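Single-structure report; data block below.
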């Protein structure tokens, strides 16, 4: 294959990957606490001399942009937004997962879970049970859960929602439903991050910027595709001329 076609192909592959990620980011602009996914790419040289030194574009890896999204008030007493560099932990069949999606409910067994039904864990890694007769639920900045009970003059503390952070957040692995696994990220209980009740964190997607990127990349992809077609046509015409001269 012509070297120029190799270069175009590598560039098209990189553009395709970036287009896919941006399209996914845009699709999740309204997803609670969604974190944008980006791609790292680089030029790699073949190491030859002069014209033999060819530069190819390759994807190094994709990575998660952990920048916080805006905090939006919902008025729901079981909604919490994580403020600062912290994570909630939930219990799943595949082990403990981490999320910043603070939409919570109390299930039929009086266990505090997220909207997917996974129990939200306390700072010690245990499930949180809410008394059946509990009325108002208050969640403090530190994650302390207090409830009002009939016959009790003051709210009673029942648990503390765990707020965790990681020494190596770049080691977090993205999973579905806004969850991450952090086996190699060195988790610890955060004393810096907090919770804001009656609120949820929005995505960190700027839709206008993402749409502009999408348009720019689409134009670039079309340009590269057109260039590849021109190269094919030139080679085809050259072969045709050679055939006529024989």
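Residue numbers (my numbering): 80 to 325.
In this text, a Cβ means the ideal position worked out from N, Cα and C, and glycines have one as well.
This one's a predicted model, so the numbers in the text were calculated from it and none came from an experiment.
The stretch 172-182 and the stretch 152-163 touch, with three or more beta-carbon pairs separated by less than 8 Å. Residue pairing of residue 152 in beta bridges, as defined by DSSP: 278.
For residue 209 and residue 147, the gap between their C-alpha atoms comes out near 29 Å. Counting along the chain, residue 181 sits inside no beta strand (DSSP E), nor does DSSP assign it H or E at all.
Counting the other Cβ atoms within 10 Å of the Cβ of residue 236 gives fewer than 16, which makes it exposed. Under DSSP, the beta-bridge partners assigned to residue 176 are 169. Residue 213 and residue 226 have their C-alpha atoms spaced approximately 6 Å apart. Here residue 253 is exposed: its Cβ has fewer than 16 other Cβ atoms, across all protein chains shown, within 10 Å.
By the 16-neighbour rule on beta-carbons within 10 angstroms, residue 259 is buried.
When DSSP reads this structure, residue 210 sits in no beta bridge, so it has no partner. Look at residue 140 here: in three-state DSSP terms it is strand.
If you keep only unbroken alpha helix (DSSP H) runs of at least 4 residues inside the stretch 191-268, you get nothing at all.
Note on geometry: alpha-carbon atoms of residue 169 and residue 288 lie some 32 Å from one another. The three-state reading of DSSP puts residue 270 in coil, since its state is none of H, G, I, E or B. Below 8 Å, enough C-beta pairs join the stretch 241-250 and the stretch 267-274 to call them touching: three or more. 8 Å or more divides the Cβ of residue 279 from the Cβ of residue 104.
DSSP, reduced to helix, strand and coil, places residue 116 within a strand of the structure shown. In the three-state scheme derived from DSSP, where H, G and I count as helix and E and B as strand, residue 299 is classed as helix.
Contact between residue 113 and residue 291 does not hold, since the beta-carbon distance rounds to 19 Å and is not under 8 Å. Counting every other CB atom within 10 Å of its CB across the protein chains shown gives residue 174 a total below 16, marking it as exposed. In the structure shown, residue 106 falls within a helical segment according to DSSP collapsed to helix, strand and coil.
Minimum Cα-Cα distance from residue 202 among the listed residues 153, 189, 231 and 267 corresponds to 267.
If you compare the alpha carbons of 195, 223, 299 and 247 with that of residue 264, the shortest gap goes to 247.
Per the C-alpha coordinates, the member of 251, 221 and 215 positioned closest to residue 231 is 215.
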